[in-house]
Amino acid sequence: MGEGGILGVTSFPADGVFQGGGIKGLAIAGALVEFEANDRLRVERWVNVAGTSAGAILAAYLAAGHTAVELAALIDRAPFPSFQDWGPGGKFLGGARNLLRRRGLVRGEEFRRWFDRELGGMTFAAVKSEPEPGGAPPEHPYRLRMIAADVTNQRLLVLPDDLHRYRLPNEPGAIDPDRFKIADAVRMSLSIPYFFPPIELIDGNSGKPATIIDGGTLSNFPVWLFDTDRRDPRRPTFGLRLVGGRPVGGGLRTAVRMLGWPAALGADIVDTLSSAWDDRFVSRSVRVRTCTVDGDDVGTTDFDLSQAKRSELIRGGERAARAFLATYDLERYRNTFGRHLQLDARGG
């Protein structure tokens, strides 16, 4: 905890958890810029970060050592239209072929390759946690975590923690998280049903294929990930959460509904699951440390947004964070277990 060299500014390290929402994640990126530049409460360093789906992209880039400003620049230059890699035949023929063969309208490879290049091929070994003060083992082995869902075995997965339970197809041994690429895990968390194809792994116990999809279908806002009941938290965990907007883009919704009512019903169920649980059972401990950001009228898969609309989302996120930090009181902080922030050791 410190003054950061500017009178009236309280600066401190923090943990962050970022909600999924596809292209709407631009608004959360804007909020992160304000969190690092605010003239009242300022996050000087994100220690542990986590996210679901698009939130996993944001978390991974911060965990790789980049600032929020650099994150916003990454998103500004991201080739979003190319992520809709329909393949031969374009949107309609290629999309239909992908949906039948791959269970997703686009291939998802363009995004994975692009993000892996931006991360320099980084694996989870690069984001291992440092020991706790006094040399104690870290509470969590990795500074970066993300959520995915194993729909074959009805499991919520925390990556990379749960990777050892699986092996890659045609590989004999269990997955070593230290050697697993972060971009591959993000792609796993970003497997939006019907849009990006699911990822297939082999369950280590049964030896049978396991289908992994977007973690937002089970928990789109896992703000609890870094909480512990062993001690009072040494630094706050802030959640950045999207409200408003549309679940998916109009093009995806139209394409799925053309497949008939079973596919349409499945899409509606996924949309409901991705937000209803977190919306209904949000606790007081979550509310007091959560900055809500408006997703405007943007759909999750509206990757062809204009530059003006992208900038509008980022500015909206900055305004939301500014309003949140203007009145936030660290004395009110509680984690999921009701534990208060260690006010004499917030630097952690």
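Using my numbering, you'd call the opening residue of the sequence shown number 13 and step up by one each time. Note that CB positions come from ideal geometry on N, CA and C, so glycine has one too. If you're wondering where the values come from, they're calculated on a predicted model, not measured in any experiment.
Judging by CA-CA distance, which residue of Asn165, Pro248, Gly227 and Gly228 is the nearest neighbour of Gly1? Because residue 1 is not part of the residues shown, which for the chain are 13 to 360, the question remains open.
Per-residue DSSP class, three states only, for Pro93: helix
Whole-angstrom distance between Leu83 and Gly16, CA atom to CA atom: Here Gly16 scores only 47 on pLDDT, less than 50, and its place in the model should not be relied on; the value that follows carries that caveat. Gly16 and Leu83: Cα-Cα distance of roughly 22 Å.
Secondary structure of Arg54, DSSP reduced to three states: Looking at Arg54 - three-state DSSP - the assignment turns out to be strand.
Pull the bridge partners of Val61 from the DSSP assignment, please. Gly28 and Leu156
DSSP three-state call for Leu117: helix, strand or coil? The answer is coil: DSSP assigns Leu117 none of H, G, I, E or B.
Can you check DSSP and say which residues form a bridge with Tyr178? Asp215
Cβ distance (whole Å) where Arg115 is taken to contact Pro210 below 8 Å: 6 Å
How is Arg253 classed by DSSP in three states: helix, strand or coil? Three-state result, Arg253: strand.
Report the rounded CA-to-CA distance for Pro93 versus Thr302, giving the unit in angstroms. C-alpha separation (whole angstroms): 31 Å.
Can you tell me which of the three DSSP states Val235 falls into? If DSSP states are grouped into helix, strand and coil, Val235 belongs with coil.
Buried or exposed by the 16-neighbour rule on C-beta atoms within 10 Å, applied to Gln31: buried
Would Asp309 be called buried (16 or more neighbouring beta carbons within 10 Å of its own) or exposed? Result: exposed.
Going by Cα to Cα distance, which pick from Thr22, Ala41 and Gly34 is closest to Gly28? Ala41
For Trp289 and Thr22, I'd like the C-alpha separation in whole angstroms. In this prediction, Trp289 has a pLDDT of 48, which is less than 50 and means its spatial position is unreliable; nothing more can be read from the coordinates.
Quick check on the DSSP output: what are the complete alpha helix (DSSP H) runs of length 4 or more inside the stretch 315-343, in order along the chain? Listed in chain order, the complete alpha helix (DSSP H) runs (minimum 4 residues) inside the stretch 315-343 are 319-339.
Below 8 Å between beta carbons: does that hold for Ala405 and Leu117? In the structure displayed, the chain extends from 13 to 360; residue 405 sits before or after that span and is not available.
Mind the definition here: the stretch 47-66 touches the stretch 329-345 only if three or more C-beta pairs lie below 8 Å; say whether that holds. yes
Start and end of the alpha helix (DSSP H) containing Ala195? Unbroken alpha helix (DSSP H) run through Ala195: Ile194 to Ser201.
From the DSSP output, which residues share a beta bridge with Ile225? Beta-bridge analysis with DSSP links Ile225 to Ala161.
Could you check whether the stretch 143-153 touches the stretch 193-210, counting it as contact only if at least three pairs of C-beta atoms, one from each stretch, sit closer than 8 Å? no
Please go through the same chain and pick out, in chain order, the residues whose beta-carbon is closer than 7 Å to the beta-carbon of Glu183, but skip the five residues on each side of it. none
To the nearest whole angstrom, what separates the beta carbons of Arg307 and Lys36, a pair I think is in contact under 8 Å? Note that residue 307 corresponds to Gly in the displayed sequence, not to Arg. That belief holds up - the Cβ atoms of Gly307 and Lys36 are roughly 4 Å apart, short of 8 Å.
Which same chain residues end up closer than 6 Å to Arg253 when comparing Cβ atoms and leaving out the 5 residues on each side of it in sequence? Gln31, Phe233, Thr302 and Thr304
Here's a check: name, in chain order, each residue in its chain whose Cβ is nearer than 6 Å to the Cβ of Tyr137, leaving out the five neighbours to either side. Reading off the sequence shown, one finds Ala at residue 137, where the question assumed Tyr. The residues are Asp190.
For Tyr345, which of helix, strand or coil comes out of DSSP? coil
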